[in-house]
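Here the sequence shown stands for residues 3 to 125, where the numbers follow this note's numbering. Glycine included, C-beta positions come from ideal geometry on N, C-alpha and C. One structure is given here, and the rest of the page talks about it.
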Amino acid sequence: MNLPESYIPILLQAGVAIAFVAVSLLGAHFLGPQQKKGNSVKNQSWECGVPVEGNARTPFSIKYFLTAVLFVLFDIEIVFFYPYAVNFREFGMEGFLAVLTFVAIFFMAFFYVWKRGALDWDK
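Given below as C-alpha coordinates:
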(Lines of atoms letter the chains of each structure in order from A and count residues from 1; the text may use other names and numbers.)
(Lines give C-alpha, C1' and ligand atoms only; values in the text may rest on other atoms or scores of the structure.)
Protein backbone atom coordinates (compact mmCIF):
# COMPACT_ATOMS: atom_id res chain seq x y z
CA MET A 1 0.00 0.00 0.00
CA ASN A 2 1.53 3.26 -1.11
CA LEU A 3 0.19 6.24 0.91
CA PRO A 4 1.05 9.84 0.16
CA GLU A 5 3.20 11.52 2.80
CA SER A 6 0.37 13.86 3.76
CA TYR A 7 -1.58 10.93 5.27
CA ILE A 8 1.19 9.87 7.64
CA PRO A 9 0.53 12.53 10.35
CA ILE A 10 -3.22 11.81 10.23
CA LEU A 11 -2.67 8.07 10.62
CA LEU A 12 -0.11 8.67 13.36
CA GLN A 13 -2.53 10.88 15.30
CA ALA A 14 -5.37 8.37 14.86
CA GLY A 15 -3.08 5.58 16.10
CA VAL A 16 -2.03 7.59 19.15
CA ALA A 17 -5.67 8.42 19.94
CA ILE A 18 -6.78 4.79 19.67
CA ALA A 19 -3.83 3.63 21.77
CA PHE A 20 -4.61 6.27 24.42
CA VAL A 21 -8.24 5.15 24.65
CA ALA A 22 -7.24 1.48 24.87
CA VAL A 23 -4.60 2.10 27.55
CA SER A 24 -7.00 4.31 29.55
CA LEU A 25 -9.80 1.75 29.49
CA LEU A 26 -7.55 -1.19 30.33
CA GLY A 27 -5.73 0.81 33.01
CA ALA A 28 -8.98 1.85 34.66
CA HIS A 29 -10.23 -1.73 34.60
CA PHE A 30 -7.11 -3.34 36.06
CA LEU A 31 -5.77 -0.54 38.29
CA GLY A 32 -9.07 0.89 39.53
CA PRO A 33 -10.84 -0.10 42.74
CA GLN A 34 -12.48 -3.51 42.69
CA GLN A 35 -16.00 -3.70 44.08
CA LYS A 36 -16.95 -6.68 46.14
CA LYS A 37 -20.06 -8.61 45.26
CA GLY A 38 -22.95 -8.74 47.65
CA ASN A 39 -25.45 -6.48 49.26
CA SER A 40 -23.51 -5.25 52.27
CA VAL A 41 -24.02 -1.87 53.89
CA LYS A 42 -20.61 -0.80 52.59
CA ASN A 43 -21.71 -1.13 48.96
CA GLN A 44 -24.91 0.90 49.34
CA SER A 45 -25.13 4.46 48.08
CA TRP A 46 -24.72 7.24 50.58
CA GLU A 47 -25.09 10.94 49.94
CA CYS A 48 -23.99 13.33 52.71
CA GLY A 49 -25.70 11.40 55.48
CA VAL A 50 -29.13 11.57 53.86
CA PRO A 51 -30.89 8.20 53.61
CA VAL A 52 -31.53 6.90 50.12
CA GLU A 53 -35.05 7.37 48.80
CA GLY A 54 -36.17 5.16 45.96
CA ASN A 55 -34.26 3.80 43.03
CA ALA A 56 -31.73 5.82 41.06
CA ARG A 57 -33.00 4.25 37.85
CA THR A 58 -36.35 6.06 37.88
CA PRO A 59 -37.45 6.84 34.34
CA PHE A 60 -37.46 10.49 33.30
CA SER A 61 -39.82 12.09 30.84
CA ILE A 62 -38.49 12.14 27.29
CA LYS A 63 -39.08 15.89 27.24
CA TYR A 64 -35.95 16.44 29.36
CA PHE A 65 -33.80 14.65 26.81
CA LEU A 66 -35.56 16.31 23.90
CA THR A 67 -34.99 19.73 25.45
CA ALA A 68 -31.31 18.94 25.91
CA VAL A 69 -30.92 17.80 22.31
CA LEU A 70 -32.75 20.86 21.01
CA PHE A 71 -30.58 23.12 23.16
CA VAL A 72 -27.41 21.55 21.79
CA LEU A 73 -28.72 21.77 18.22
CA PHE A 74 -29.58 25.45 18.40
CA ASP A 75 -26.51 26.25 20.47
CA ILE A 76 -24.28 24.76 17.77
CA GLU A 77 -26.12 26.92 15.25
CA ILE A 78 -25.04 30.00 17.20
CA VAL A 79 -21.44 28.75 17.28
CA PHE A 80 -21.41 28.62 13.47
CA PHE A 81 -22.41 32.29 13.31
CA TYR A 82 -19.16 33.44 14.93
CA PRO A 83 -16.84 32.81 11.94
CA TYR A 84 -19.38 34.47 9.68
CA ALA A 85 -19.61 37.51 11.96
CA VAL A 86 -15.83 37.86 11.99
CA ASN A 87 -15.43 37.62 8.20
CA PHE A 88 -18.80 38.77 6.85
CA ARG A 89 -17.27 41.50 4.63
CA GLU A 90 -14.95 39.03 2.92
CA PHE A 91 -17.78 36.60 2.17
CA GLY A 92 -19.84 39.15 0.26
CA MET A 93 -23.28 38.38 -1.11
CA GLU A 94 -22.47 34.70 -1.69
CA GLY A 95 -21.64 34.23 1.99
CA PHE A 96 -24.76 36.15 3.01
CA LEU A 97 -26.96 33.87 0.90
CA ALA A 98 -25.24 30.80 2.37
CA VAL A 99 -25.95 32.04 5.90
CA LEU A 100 -29.56 32.80 4.96
CA THR A 101 -29.91 29.23 3.68
CA PHE A 102 -28.36 27.93 6.90
CA VAL A 103 -30.75 29.98 9.04
CA ALA A 104 -33.73 28.99 6.88
CA ILE A 105 -32.98 25.29 7.41
CA PHE A 106 -32.77 25.79 11.17
CA PHE A 107 -35.99 27.82 11.20
CA MET A 108 -37.73 25.01 9.35
CA ALA A 109 -36.42 22.58 11.98
CA PHE A 110 -37.54 24.91 14.76
CA PHE A 111 -41.06 25.26 13.34
CA TYR A 112 -41.27 21.50 12.79
CA VAL A 113 -40.35 20.88 16.44
CA TRP A 114 -42.78 23.56 17.55
CA LYS A 115 -45.68 22.19 15.48
CA ARG A 116 -45.00 18.64 16.73
CA GLY A 117 -45.51 19.95 20.28
CA ALA A 118 -42.01 19.24 21.55
CA LEU A 119 -41.81 22.67 23.17
CA ASP A 120 -45.19 22.34 24.90
CA TRP A 121 -44.58 21.12 28.44
CA ASP A 122 -48.26 20.83 29.35
CA LYS A 123 -48.85 17.76 27.15
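- In this structure, the alpha-carbon of L72 lies about 19 Å from that of Y84.
- Judged by DSSP secondary structure, R91 falls within the alpha helix (DSSP H) whose first and last residues are 90–117.
- For the alpha helix (DSSP H) assignment, the uninterrupted runs of no fewer than 4 residues enclosed by the region 5–78 are, from N- to C-terminal side, 10–33.
- Residue state for A120 is assigned as coil, using DSSP reduced to three classes.
- Contact check for E79 and F108: beta-carbon distance about 5 Å, within the 8 Å limit, so the pair qualifies.
- With a cutoff of 7 Å on beta-carbon distance, V101 and Y114 are scored as not near each other.
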